[in-house]
Amino acid sequence: MKVSWDRVLLMPNVLTIYADVTDFPPPDVRLLRRGRKLLFSKDINKEVREILSLTNPEHHHSPDDTMATKALLFVVLFSSAALILAQNCGCAGGLCCSQWGYCGTGNDYCGSGCRQNCGSSSSSSGGGSSSGGGSGGNGVITKDQLRRVMENNLPYDYINDLNDVLKKYNLNTPKRMAGFLAQVRHETAGLTTFYQPIDGGAGAIHMLPANFRIACEDVAEIKSAFTKKFGSCRGGSDRDAGALLGNPRLAFLTGAWWMAEGSRKILGGPCGDLRPVLDQGLGSQNPLSGYYLVSRCIFGGSYDAGLAQRVKYYNTAKKVFNV
Numbered sequence: 001m002k003v004s005w006d007r008v009l010l011m012p013n014v015l016t017i018y019a020d021v022t023d024f025p026p027p028d029v030r031l032l033r034r035g036r037k038l039l040f041s042k043d044i045n046k047e048v049r050e051i052l053s054l055t056n057p058e059h060h061h062s063p064d065d066t067m068a069t070k071a072l073l074f075v076v077l078f079s080s081a082a083l084i085l086a087q088n089c090g091c092a093g094g095l096c097c098s099q100w101g102y103c104g105t106g107n108d109y110c111g112s113g114c115r116q117n118c119g120s121s122s123s124s125s126g127g128g129s130s131s132g133g134g135s136g137g138n139g140v141i142t143k144d145q146l147r148r149v150m151e152n153n154l155p156y157d158y159i160n161d162l163n164d165v166l167k168k169y170n171l172n173t174p175k176r177m178a179g180f181l182a183q184v185r186h187e188t189a190g191l192t193t194f195y196q197p198i199d200g201g202a203g204a205i206h207m208l209p210a211n212f213r214i215a216c217e218d219v220a221e222i223k224s225a226f227t228k229k230f231g232s233c234r235g236g237s238d239r240d241a242g243a244l245l246g247n248p249r250l251a252f253l254t255g256a257w258w259m260a261e262g263s264r265k266i267l268g269g270p271c272g273d274l275r276p277v278l279d280q281g282l283g284s285q286n287p288l289s290g291y292y293l294v295s296r297c298i299f300g301g302s303y304d305a306g307l308a309q310r311v312k313y314y315n316t317a318k319k320v321f322n323v
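Letter by letter, the sequence shown follows residues 1 to 323 of full-length UniProt numbering.
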């Protein structure tokens, strides 16, 4: 068995390993992480390291060893991820309880595998509900509003780019703008840092390098920029790609793409289309919903020391947009 390292996908706290196998179902395993450290118990970390060492193509093992490795990798990693992602239900306001135990609306929650209140909420995957947060919004943010959200006095010469991206991804309603920009404020230190060379993260929500390429394939404008500079979405070093995504317009595109498509494509489960989740407002921590769930789908499953700041910034943004 070998691990296809070219298909290892990263977000700030998530590592997805796709195992390339022939006679065993390839596991779609998500390991919640921070930086470079897997966030399982010490014993599980040890097992993971040992199992992955067996997959090194330079090492040779008997067929029995290989089959056992396949089974052990699947059981240990898949079971561990399931334990971390599992939640209880009991959703308020008629929200659907998804197969993963999270509250929300849309097909990711009310569709296949739904456990409670199925069909009681909107089943549209991209629009969301009304009450100031649903689809069809035509909100335009001004420089003054953006300064109040970020609580600084930057010139924001890229305000037109921001508004264009918000409109393009249907994030231009009061609740969605408040939730999205509060996360952006936290991840970029108030729009002062679109590229972080320490870990290579870039964009409006601090996306890690392995996901740059996926966003590039999905977003025509990013693909055009990569192709022009590097020849293709796979070209260029991670550092150079991160610096390119430090361009404000491209940075906003990566963040909006994550909210609309990236989270669902890369993480799945409770992290689907996050736009209708933003429509729920702050939500709750148990079970996860609303802004709290969006925070989890950006940061990952470990303890988020910055969660209080995220919520503080969200409350500030809500006042600006009268949410």
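Backbone N, C-alpha and C define an ideal beta-carbon position, used for all residues, glycine too. No experiment lies behind these values; they were computed from the predicted model shown.
Here GLN145 has VAL320, PHE321 as same chain residues with Cβ atoms under 8 angstroms from its own Cβ, once five neighbours each way along the sequence are excluded. Around TYR158, the same chain offers PRO248, ARG249 as residues with beta carbons nearer than 7 angstroms, after the five sequence neighbours per side are excluded.
In this structure VAL277 is in contact with GLY290, their Cβ atoms being roughly 6 angstroms apart against a cut-off of 8 angstroms. For ILE298, the uninterrupted alpha helix (DSSP H) run begins and ends at 290-299, by DSSP. In the three-state DSSP reduction, GLN280 falls in the coil class, being neither helix nor strand. Taking 9 angstroms as the cut-off, the beta carbon of GLY203 is found no closer than this to the beta carbon of GLY272.
Every unbroken stretch of the alpha helix (DSSP H) spanning 4 or more residues and falling wholly within the region 202-282 is given here in chain order: 212-218, 220-230, 238-244, 248-257, 263-266, 275-278. By the criterion of a C-beta distance shorter than 7 angstroms, SER263 is surrounded in its chain by CYS271, GLY272, LEU274, CYS297, once the five residues flanking it on both sides are discounted. Around LEU162, the same chain offers PHE252 as residues with beta carbons nearer than 6 angstroms, after the five sequence neighbours per side are excluded. Sorting ASN170, ASN117, ALA225 by C-alpha distance to the C-alpha of VAL140 places ASN170 at the top. A direct Cα-Cα distance of roughly 25 angstroms separates ASP240 from ASP164. For PHE180, the CB contacts under 8 angstroms within the same chain, skipping 5 residues up- and downstream, are LEU166, LEU171, GLY255, ALA256, MET259, LEU278 in chain order. Shown here, CYS114 sits in coil according to DSSP, grouped into three states, outside any helix or strand. Its chain contains SER289, GLY290 as the residues whose beta carbon lies nearer than 6 angstroms to that of GLN280, once the 5 sequence neighbours on both sides are disregarded; these appear in chain order. Here DSSP, grouped into helix, strand and coil, assigns TYR169 to coil. LEU307 and THR193 have their C-alpha atoms spaced approximately 19 angstroms apart. Residue nearest to ALA243 within the set LEU267, TYR195, ARG148, ALA305 is TYR195 (criterion: CA-CA distance). A buried status is given to LEU293, since no fewer than 16 other beta-carbon atoms sit within 10 Å of its beta-carbon. In this structure, ARG213 places its C-beta atom within 9 angstroms of the C-beta atom of ARG234.
Taken through DSSP and simplified to helix, strand or coil, TYR195 comes out as strand. Here GLY231 is exposed: its Cβ has fewer than 16 other Cβ atoms, across all protein chains shown, within 10 Å. Membership of GLU187 in the alpha helix (DSSP H) is indicated by the continuous run 174-188. Around GLU187, the same chain offers ILE205, HIS206 as residues with beta carbons nearer than 6 angstroms, after the five sequence neighbours per side are excluded. Counted as a single uninterrupted DSSP element, the alpha helix (DSSP H) harbouring THR316 occupies residues 307-320. Contact between LEU208 and ASP199 holds: their C-beta atoms lie close to 7 angstroms from each other, under 8 angstroms.
Check the Cα spacing between TYR313 and each of ALA182, PRO197, ILE266: the tightest is with ALA182. GLN285 is bridged by DSSP to LEU288. Burial check for PRO287: the Cβ neighbour count within 10 Å reaches 16 or more, so the residue is buried.
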